[in-house]
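Asks: In the working numbering, the protein residues as written are 1048 to 1407.
Just so it is clear, CB atoms sit at the ideal spot from N, CA and C, and this is done for glycine as well.
None of the values given here were measured: they were computed from a predicted structure.
Take this structure, written in C-alpha cells, and hold onto it; I'll ask about it next.
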C-alpha cells in the first residue's frame, strides 16, 4: 500500500498539488507504454491514461482532491498512519483508496491487453465541472462503460451495494408576501406566517412521483426568516428555504409551481427561485449491471443496487448516455476527523475491478 500512503501524504485540498499526484501515477504506469494526456481547466489538473486493446473501452474514474481539514484529529491528517489494518488520513476513503484500486486494476488489465482508460481528476469536491465534466467533453473517444470508485457508506459490509444512480439536488427559495400591521389588529393585516404554515403543512402531504428503483424523494425546509423582529408587529414577508432530493420522474420546477399555486389560491403573493444543483440519474444499461453484479455475487458479495448518498462525478457520464456504476471501498469519517480506509477493502476492490474488466 505504498502508493496509497504516498497519495494520502499529498495535501490535495481543493485540488492543490494535483501535479504531484499526476507525476506519481504516471511513474507507476511508465512501463505500460500507454498514451496519456494532462488536462488543465482553471488551474485544475486532471490525467487520462489510455491503453488500447481488446473489448469495449472501460474507464475507471476517481478524484484526487480532498476537503479541508478541521480541528480535532488525533492522527496526522496527511501522515498516512497505518494502524490495525486501517490507513488514516484526509482523503483515505474519499477517495484515494478507490483511486489506488483503480490504478492497480488498470495496470493489470493493460498488461492483459484489455481496452482500458484511467481518469484521475480534480475538482470533484467543488462540483466536478473543471474536472470530470470538462475532461469528458474534451475526450475524442468516450468510454463504453465507466466504473467510479467512490467510497460507499461505512455501515455496510464490503460489496453490499452498487451505486446505480443518485438523486438530484434542488434548492427552493420562496418569499411569501403579506400585509404588515399591528399585532393588536390582525384583521387589518395579512400575516405571511399563516402562509408559511400553509406551505409547511403542504410539504408533509405532498404527493410526488416516486421511482421504484430509487430511494424516496425528500423535500425538507432548511431555513425560515421573518421580517420585522418586534413582537407587536405583523411582518410584511416570510422566507423559507427548501432542500429537495428527487428522482428522475420529478421536475423540481413543476413542484415549485404547484406550491406557489396553493399559496396564491389562499390569497398570498409569492416569488420564488429554483436552483438545480445536480440532476438525478439512473443506470439503465441492464447488461452492464448484470455483469458487475454477476462478478460480485460469484465472490460472495450481496451487490444490491443502491441510490443513496450525495452527488458524484458519475452524473456527468450518465448525462452523456454512458453506462456508469459506482463501487468502492467502505468510507469512514469522510469530511470529518480521523478519516480512514480499511486496507483489505482496497485490495478487494482492485480484484473486483480486474474481474469486471475481464468479464465485459
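1. Please give me, in chain order, every unbroken run of the beta strand (DSSP E) with length at least 3 that falls completely inside the stretch 1234-1277.
2. Could you give the uninterrupted runs of the alpha helix (DSSP H) lying entirely in the stretch 1159-1219, keeping only those of 4 residues or more?
3. Rank 1102, 1077, 1206 and 1089 by C-alpha distance to the C-alpha of residue 1096 and give the top, closest one.
4. Between the beta-carbon of residue 1132 and the beta-carbon of residue 1378, is there less than 7 Å?
5. Which residues in the same chain have their Cβ closer than 8 Å to the Cβ of residue 1350, if we skip the five residues on either side of it in sequence?
6. Less than 6 Å between C-beta atoms, sequence neighbours within five positions excluded: which residues of the same chain meet that for residue 1326?
7. Looking at the unbroken beta strand (DSSP E) that takes in residue 1093, where does it start and where does it end?
8. Taking C-beta to C-beta, are residue 1109 and residue 1145 nearer than 7 Å?
9. Specify, as a first and last residue, the run of the beta strand (DSSP E) that residue 1301 falls within.
10. Rank 1058, 1115 and 1222 by C-alpha distance to the C-alpha of residue 1315 and give the top, closest one.
11. What are the boundary residues of the alpha helix (DSSP H) that includes residue 1333?
12. Kindly identify the DSSP beta-bridge partner or partners of residue 1351.
13. How many angstroms separate the CA atom of residue 1346 from the CA atom of residue 1401?
14. For the structure I just gave you, are there three or more beta carbon pairs, one from the stretch 1271-1283 and one from the stretch 1238-1245, closer than 8 Å?
15. With 16 as the cutoff for other CB atoms within 10 Å, does residue 1179 come out buried or exposed?
16. Return helix, strand or coil for residue 1048, following the three-state DSSP convention.
17. For residue 1368 and residue 1235, what's the separation of their Cα atoms in angstroms?
18. Please report the distance separating the alpha-carbon of residue 1164 from that of residue 1292.
19. In three-state terms, what does DSSP make of residue 1080?
20. Classify residue 1272: buried if its beta carbon has 16 or more other beta carbons within 10 angstroms, exposed otherwise.
21. Inspect the beta-carbon positions of residue 1354 and residue 1228 and report whether they are closer than 7 Å.
22. Would you tell me roughly how many angstroms separate the C-alpha atoms of residue 1172 and residue 1360, rounded to the nearest one?
23. How many Å lie between residue 1250 and residue 1305 at the Cα?
24. I think residue 1039 touches residue 1297, with their Cβ atoms under 8 Å apart; what is that distance to the nearest whole Å?
25. Given 6 Å as the limit, tell me if residue 1372 has its C-beta closer than that to any heavy atom belonging to the ligand GDP.
26. For a quick check, are the C-beta atoms of residue 1388 and residue 1117 less than 7 Å apart?
27. Beta strand (DSSP E) containing residue 1285: first to last residue?
28. What's the gap between the Cα of residue 1386 and the Cα of residue 1138?
29. Quick one, which of 1190, 1312, 1365 and 1266 has its alpha-carbon nearest residue 1100's?
30. Less than 7 Å between the C-beta atoms of residue 1307 and residue 1167, yes or no?
31. When you compare only the Cα positions, how much space is there between residue 1159 and residue 1348?
32. Have a look at residue 1232 and residue 1365 and give me their C-alpha separation to the nearest angstrom.
33. Please report the residue range of the beta strand (DSSP E) in which residue 1408 lies.
34. Measure how close the beta-carbons of residue 1150 and residue 1050 come, nearest whole angstrom, since I'm counting them as under 8 Å.
35. Would you tell me roughly how many angstroms separate the C-alpha atoms of residue 1302 and residue 1319, rounded to the nearest one?
36. Report, in whole angstroms, the separation of the C-beta atoms of residue 1182 and residue 1086, which I expect to be a contact under 8 Å.
Replies: The structure says:
1. Correct list: 1265-1273.
2. List check, alpha helix (DSSP H) in window: 1179-1185.
3. By 1-based counting over the chain shown, the position of residue 1096 is 49. Nearest C-alpha to residue 1096: 1077.
4. Mapped onto the chain shown, residue 1132 falls at position 85. Mapped onto the chain shown, residue 1378 falls at position 331. A distance of 7 Å or more separates the beta carbons of residue 1132 and residue 1378.
5. Position 303 of the chain shown, counted from the first residue, corresponds to residue 1350. Excluding residues within five positions, the ones whose Cβ falls inside 8 Å are 1206, 1207, 1208, 1209, 1339, 1340, 1343 and 1344.
6. Counting from 1 along the chain shown, the entry for residue 1326 is found at position 279. Correct list, in chain order: 1215.
7. Position 46 of the chain shown, counting from 1, holds the residue named residue 1093. It spans 1091-1098 - the beta strand (DSSP E) in which residue 1093 sits, taken as one unbroken run.
8. Position 62 of the chain shown, counted from the start, is the residue given in the question as residue 1109. Position 98 of the chain shown, counted from the start, is the residue given in the question as residue 1145. Yes, they are a contact pair.
9. Reading the chain shown from its first residue, position 254 is the one you call residue 1301. Counted as a single uninterrupted DSSP element, the stretch harbouring residue 1301 is not any beta strand (DSSP E) but the alpha helix (DSSP H) occupying residues 1299-1312.
10. Numbered from its first residue, the chain shown carries residue 1315 at position 268. Answer by Cα proximity: 1222.
11. Position 286 of the chain shown holds residue 1333. Unbroken alpha helix (DSSP H) run through residue 1333: 1333-1345.
12. Translated into the one-based positions of the chain shown, residue 1351 becomes position 304. In the DSSP secondary-structure assignment, residue 1351 is bridged to 1208.
13. Along the chain shown, read from residue 1 onward, the residue named residue 1346 stands at position 299. Along the chain shown, read from residue 1 onward, the residue named residue 1401 stands at position 354. Distance between the alpha carbons of residue 1346 and residue 1401 is about 13 Å.
14. Yes, they touch.
15. Stepping through the chain shown from its first residue, residue 1179 is reached at position 132. Per the 10 Å Cβ criterion, buried.
16. Indexing the chain shown from 1 puts residue 1048 at position 1. Under the three-state reduction of DSSP output, residue 1048 falls in the coil class, being neither helix nor strand.
17. By 1-based counting over the chain shown, the position of residue 1368 is 321. By 1-based counting over the chain shown, the position of residue 1235 is 188. About 57 Å.
18. The residue labelled residue 1164 in the question sits at position 117 within the chain shown. The residue labelled residue 1292 in the question sits at position 245 within the chain shown. If I take the Cα positions, the gap works out to 32 Å.
19. By 1-based counting over the chain shown, the position of residue 1080 is 33. In the displayed model, residue 1080 falls within coil according to three-state DSSP, outside both helix and strand.
20. Numbered from 1 along the chain shown, position 225 holds the residue referred to as residue 1272. By the neighbour-count definition (other C-beta atoms within 10 Å, threshold 16), residue 1272 is an exposed residue.
21. Locating residue 1354 in the chain shown gives position 307, counting from the first residue. Locating residue 1228 in the chain shown gives position 181, counting from the first residue. No.
22. The residue given as residue 1172 occupies position 125 in the chain shown. The residue given as residue 1360 occupies position 313 in the chain shown. Their Cα atoms are separated by approximately 9 Å.
23. Position 203 of the chain shown holds residue 1250. Position 258 of the chain shown holds residue 1305. Using only the alpha carbons, I get a separation of about 11 Å.
24. Nothing can be reported for residue 1039: it is not among the residues displayed for the chain, which extend from 1048 to 1407.
25. Inclusion of the ligand GDP in the displayed structure is not the case, the ligand content being empty and no account of it being possible.
26. Here residue 1388 refers to the residue found at position 341 of the chain shown. Here residue 1117 refers to the residue found at position 70 of the chain shown. One thing to note: residue 1388 has its Cβ no nearer than 7 Å to the Cβ of residue 1117.
27. For the purposes of this step, residue 1285 is identified with residue 238 of the chain shown, where counting begins at 1. Per DSSP, residue 1285 belongs to the beta strand (DSSP E) from 1284-1293.
28. On the chain shown, residue 1386 is found 339 positions in, with the first residue counted as 1. On the chain shown, residue 1138 is found 91 positions in, with the first residue counted as 1. Distance between the alpha carbons of residue 1386 and residue 1138: 7 Å.
29. Position 53 of the chain shown holds residue 1100. The shortest C-alpha separation from residue 1100 is found at 1190.
30. Within the chain shown, the letter at position 260 stands for residue 1307. Within the chain shown, the letter at position 120 stands for residue 1167. Note that the C-beta distance between residue 1307 and residue 1167 is not below 7 Å.
31. The count along the chain shown starts at 1 and reaches residue 1159 at position 112. The count along the chain shown starts at 1 and reaches residue 1348 at position 301. About 25 Å.
32. The count along the chain shown starts at 1 and reaches residue 1232 at position 185. The count along the chain shown starts at 1 and reaches residue 1365 at position 318. Going by the C-alpha atoms only, they are around 56 Å apart.
33. With the chain running from 1048 to 1407 in the structure shown, residue 1408 is simply not present.
34. Along the chain shown, read from residue 1 onward, the residue named residue 1150 stands at position 103. Along the chain shown, read from residue 1 onward, the residue named residue 1050 stands at position 3. The distance from the Cβ of residue 1150 to that of residue 1050 is about 7 Å, consistent with a contact at the 8 Å cut-off.
35. Residue numbering aside, residue 1302 sits at position 255 when the chain shown is read from its first letter. Residue numbering aside, residue 1319 sits at position 272 when the chain shown is read from its first letter. CA-CA distance, residue 1302 to residue 1319, rounds to 12 Å.
36. For this step, residue 1182 is matched to residue 135 along the chain shown. For this step, residue 1086 is matched to residue 39 along the chain shown. A Cβ-Cβ distance of about 5 Å is found for the pair residue 1182 and residue 1086, placing them in contact under the 8 Å criterion.
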